[in-house]
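Engineer: Before I ask anything, here is the structure I am working with.
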Ligand SMILES: NC(=O)c1ccc[n+]([C@@H]2O[C@H](COP(=O)([O-])OP(=O)(O)OC[C@H]3O[C@@H](n4cnc5c(N)ncnc54)[C@H](OP(=O)(O)O)[C@@H]3O)[C@@H](O)[C@H]2O)c1
């Protein structure tokens, strides 16, 4: 039973692991036995300390995931400093808020590039290493806006709906190659990403009223889902979008 959820001997790459949900998932994966390669534009010292406290290896690769043509280099750098990832968590993401009538092309491109385009090309580069091994796990981070429309977040809703479609497409193409592609759809969590929402008292209250669990999510609430989708326990799970939302979608 314990081997079902063990990540011993695995290397997990987590993007945006310096803070928020990415940090919590990296620490959970390390506690389940994986060495961590964190990829991002800000140093991840807090994450490194927690990963090392769990007795696992930690490497940081600095990269701006909004840039073009970087995915192959990131996977090659991981191979040099640690190993090509057995597990890839496409977590890094941004959000821009404005009315659809005023939304700018810059706010569209910035969000789509990090949230969707880089997630695809990093998955492609990682899968090119996973295919010869006949095994691998790709975990995308979706959102409630993979299922719902939202307001004032046009590019974010498009990117997260796109991530759901991409998760299913990649699962269709790679399941028979031994690669599991799935997504976690977090509900409302207290992180930098939701700072503006939480600062708006009326909005924050109305969100809380709809969450059956009666509280916003804590980043550590995602650990179990991340370990499940990274571990042998999910070997026959392909193309799923797993909500971790305190019951939000059930309402
Ligand atoms: N919080 C929620 O309620 C919620 C709900 C659903 C989905 N999500 C998704 O969960 C993921 C994590 O979000 P979070 O809530 O933890 O937000 P967060 O605290 O803002 O973390 C976002 C992470 O992405 C990194 N990142 C953003 N742009 C980057 C770039 N160009 N290059 C490299 N790294 C970049 C950030 O790095 P810096 O620290 O350097 O900016 C940070 O590590 C995102 O995909 C988000 O859309 C969050």
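Residue numbers (the working numbering): 3 to 253. The C-beta atom is built at its ideal place from N, Cα and C for all residues, glycine as well. Keep in mind that this is a model prediction, so the values were computed, not measured.
Considering only the beta carbon of each residue, do residue 161 and residue 243 sit closer than 8 angstroms?
Structural biologist: In the chain shown, counting from the first residue as 1, residue 161 sits at position 159. In the chain shown, counting from the first residue as 1, residue 243 sits at position 241. Not a contact, by the Cβ cut-off of 8 angstroms.
Engineer: Take the Cβ of residue 37 as the centre, count every other Cβ of all protein chains shown within 10 Å, and call the residue buried at 16 or more, exposed below.
Structural biologist: Taking the first residue of the chain shown as position 1, residue 37 is located at position 35. Buried: at least 16 other Cβ atoms inside 10 Å.
Engineer: Is it buried or exposed for residue 34, if we count other Cβ within 10 angstroms and need 16 for buried?
Structural biologist: As a first step, residue 34 is located in the chain shown; it is residue number 32 there, counting from the start. It counts as buried.
Engineer: Cutting at 7 angstroms between CB atoms, please list the residues of its own chain near residue 194, excluding the five before and the five after it.
Structural biologist: Residue numbering aside, residue 194 sits at position 192 when the chain shown is read from its first letter. Excluding positions up to five away in sequence, the list reads 21, 22.
Engineer: Three Cβ pairs or more, each shorter than 8 angstroms: is that satisfied between the region 53-61 and the region 103-121?
Structural biologist: The answer is no - the region 103-121 does not touch the region 53-61, with fewer than three Cβ pairs under 8 angstroms.
Engineer: Nearer than 7 angstroms: is that true of the beta carbon of residue 140 relative to any heavy atom of ligand 1?
Structural biologist: Here residue 140 refers to the residue found at position 138 when the chain shown is read from its first residue. No - ligand 1 has no heavy atom lying nearer than 7 angstroms to the Cβ of residue 140.
Engineer: Among the residues of its own chain, which have a CB less than 6 angstroms from the CB of residue 52, if the five just before and after it don't count?
Structural biologist: Position 50 of the chain shown, counting from 1, holds the residue named residue 52. Answer for residue 52: 29, listed in chain order.
Engineer: Pick from 189, 150, 144, 145: whose alpha carbon is nearest that of residue 214?
Structural biologist: Along the chain shown, one-based indexing puts residue 214 at 212. If we check each option's Cα against that of residue 214, 189 comes out closest.
Engineer: Taking only the alpha-carbon atoms, compute the straight-line gap between residue 57 and residue 97 and give it to the nearest angstrom.
Structural biologist: Stepping through the chain shown from its first residue, residue 57 is reached at position 55. Stepping through the chain shown from its first residue, residue 97 is reached at position 95. Near 34 angstroms, if we compare the C-alpha coordinates of residue 97 and residue 57.
Engineer: Can you look up residue 214 in the DSSP assignment and give me helix, strand or coil?
Structural biologist: Residue numbering aside, residue 214 sits at position 212 when the chain shown is read from its first letter. Coil at residue 214, not helix or strand.
Engineer: Tell me whether residue 38 counts as near ligand 1, meaning its Cβ is closer than 7 angstroms to at least one heavy atom of that ligand.
Structural biologist: Numbered from its first residue, the chain shown carries residue 38 at position 36. Residue 38 Cβ: outside cutoff for every heavy atom of ligand 1.
Engineer: What is the DSSP secondary structure of residue 185, counted as helix, strand or coil?
Structural biologist: Position 183 of the chain shown, counted from the start, is the residue given in the question as residue 185. Strand at residue 185.
Engineer: Enumerate, from N- to C-terminal direction, the unbroken alpha helix (DSSP H) stretches of 4 or more residues contained entirely within the region 122-210.
Structural biologist: Complete alpha helix (DSSP H) runs here, min 4: 156-176, 197-201.
Engineer: Starting from residue 113, follow the alpha helix (DSSP H) in both directions and report where the run begins and ends.
Structural biologist: Numbered from its first residue, the chain shown carries residue 113 at position 111. Element bounds for residue 113: 107-114.
Engineer: May I ask you to check if the CB of residue 96 is nearer than 7 angstroms to at least one heavy atom of ligand 1?
Structural biologist: The sequence position of residue 96 within the chain shown is 94, counting from 1. Yes; taking the cut-off as 7 angstroms, the Cβ of residue 96 has a heavy atom of ligand 1 nearer than that.
Engineer: How would you label residue 150, buried or exposed, when you count the other beta carbons within 10 angstroms and need 16 or more for buried?
Structural biologist: Locating residue 150 in the chain shown gives position 148, counting from the first residue. Looking at its Cβ environment, which holds fewer than 16 other Cβ atoms inside 10 Å, residue 150 is exposed.
Engineer: Sorry if obvious, but does the Cβ on residue 43 come closer than 7 angstroms to a heavy atom of ligand 1?
Structural biologist: Looking up residue 43 in the chain shown gives position 41. True, at least one ligand heavy atom lies under 7 angstroms from that Cβ.
Engineer: Helix or strand or just coil, what does DSSP make of residue 245?
Structural biologist: Locating residue 245 in the chain shown gives position 243, counting from the first residue. In the structure shown, residue 245 sits in a strand (DSSP, three-state: E or B).
Engineer: Only counting the same chain, and skipping five residues up and downstream in sequence, which positions put a Cβ closer than 6 angstroms to that of residue 105?
Structural biologist: Numbered from its first residue, the chain shown carries residue 105 at position 103. Once the five neighbours on either side are set aside, the close Cβ partners of residue 105 are 156.
Engineer: Closer than 7 angstroms: is that where the CB of residue 24 sits relative to any heavy atom of ligand 1?
Structural biologist: On the chain shown, position 22 is the one that residue 24 refers to. Result yes, Cβ under 7 angstroms from ligand 1.
Engineer: How close, in whole Å, do the beta carbons of residue 181 and residue 129 come, if the pair is a contact with beta carbons under 8 angstroms?
Structural biologist: Reading the chain shown from its first residue, position 179 is the one you call residue 181. Reading the chain shown from its first residue, position 127 is the one you call residue 129. So it is a contact: roughly 6 angstroms between Cβ atoms.
Engineer: Would you say the beta carbon of residue 153 is closer than 7 angstroms to some non-hydrogen atom of ligand 1?
Structural biologist: Taking the chain shown and counting its residues from 1, the one referred to as residue 153 is at position 151. No, ligand 1 has no heavy atom inside 7 angstroms of this Cβ.
Engineer: Just to confirm before moving on: does the CB-CB distance between residue 31 and residue 232 stay below 8 angstroms?
Structural biologist: Residue mapping note: residue 31 aligns to position 29 of the chain shown, counting from 1. Residue mapping note: residue 232 aligns to position 230 of the chain shown, counting from 1. Cβ distance < 8 angstroms, so residue 31 and residue 232 count as in contact.
Engineer: Do residue 46 and residue 55 come within 8 angstroms of each other at the CB atom, strictly closer than that value?
Structural biologist: Within the chain shown, the letter at position 53 stands for residue 55. Within the chain shown, the letter at position 44 stands for residue 46. No. Outside cutoff.
Engineer: Thinking just about the alpha-carbon of each residue, which of 87, 26, 17 is nearest to the one in residue 68?
Structural biologist: Start at 1 with the first residue of the chain shown, and residue 68 comes out as number 66. Considering only alpha carbons, the answer is 17.
Engineer: Go ahead and label residue 158 buried or exposed: buried means 16 or more other beta carbons lie within 10 angstroms of its beta carbon, across all protein chains shown.
Structural biologist: For the purposes of this step, residue 158 is taken as residue 156 along the chain shown, with counting starting at 1. Its Cβ being crowded by 16 or more others within 10 Å, residue 158 is buried.
Engineer: What's the call for residue 223, buried or exposed, on a 16-neighbour Cβ count within 10 Å?
Structural biologist: Here residue 223 refers to the residue found at position 221 of the chain shown. Buried: at least 16 other Cβ atoms inside 10 Å.
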